[in-house]
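In the numbering used here, the protein residues as written are 321 to 496.
So the structure is just underneath, and the comments pick up after that.
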DNA sequence: GAATTGTCACCAG
DNA sequence: CTGGTGACAATTC
């Protein structure tokens, strides 16, 4: 019996996104890719699985994802089926501990993980299949500038901007 | 901002 | 082990 991967499309202020789930939980959340290539990516990632459209079954999930994108503080209780090397999973777990509005550099994150090379973390983060749910957008370069983002630097900036607003600030940020 | 160079842990074979 | 690789980091103009 082949494993079944279901995918569906949703819409948000950041554009269209695709969600894919296995029996265990979410395996992918893609932002703004074209429908064709995103679906193909799934088949490549799960060559032995049956990739089917599950638009109806995933309505609930789509709804939650949309909300996460619009409201950074909303935490969906969605099961994540993380697939990757042990190291990648470690990095992803680490990212999810980052509070809203908080950013960290690749180098610092690497240090926390016990490795010494930021590039190492970079690779793991770049392999993150779960946009937003794993807040890889909170990882930036050491000088504070935005470096790169698998789903587009603009989305990264946008997500960070939203989180800054959502973050409870003791003082107002003043004119900006 | 763009280009250049140094660096090394991780992954696949 | 060997080889390839990077969403880095620090420097320079």
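Here a beta-carbon is modelled for each residue, glycine too, at the ideal position from N, C-alpha and C.
Sort the options by Cα distance to residue i and report the nearest one.
i	options	result
residue 404	347, 370, 331	347
residue 412	450, 386, 330	450
residue 415	466, 452, 464	452
residue 388	362, 323, 349	349
residue 410	423, 448, 368	448
residue 457	483, 440, 436, 433	483
residue 507	367, 444, 379	A query on residue 507 cannot be resolved here, the shown segment of the chain reaching from 321 to 496 and no further.
Give me whichever residues DSSP pairs with residue i in a beta bridge.
i	result
residue 350	338
residue 261	Absent from the structure is residue 261, since the part of the chain shown begins at 321 and ends at 496.
residue 394	For residue 394, which the question treats as bridged, DSSP gives no partner whatsoever.
residue 370	324
residue 450	349
residue 400	346
Considering residue i, what are the terminal residues of the beta strand (DSSP E) in which it resides?
i	result
residue 358	Per DSSP, residue 358 belongs to no beta strand (DSSP E); it is in the alpha helix (DSSP H), 355-365.
residue 325	324-332
Are the beta-carbon atoms belonging to residue i and residue j less than 8 Å from one another?
i	j	result
residue 476	residue 469	yes
residue 420	residue 396	no
residue 426	residue 454	no
residue 382	residue 340	no
residue 323	residue 342	yes
residue 374	residue 326	yes
residue 398	residue 330	no
residue 372	residue 363	no
residue 431	residue 440	no
Looking at the secondary structure, which residues open and close the alpha helix (DSSP H) in which residue i lies?
i	result
residue 407	406-415
residue 480	473-486
Regarding residue i and the ligand GTP, is the C-beta to nearest heavy atom distance less than 7 Å?
i	result
residue 449	The ligand content of the structure shown is nil, which means the ligand GTP is not present either.
Rounded C-beta distance between residue i and residue j? I'm assuming under 8 Å.
i	j	result
residue 478	residue 334	6 Å
residue 386	residue 332	5 Å
residue 358	residue 338	5 Å
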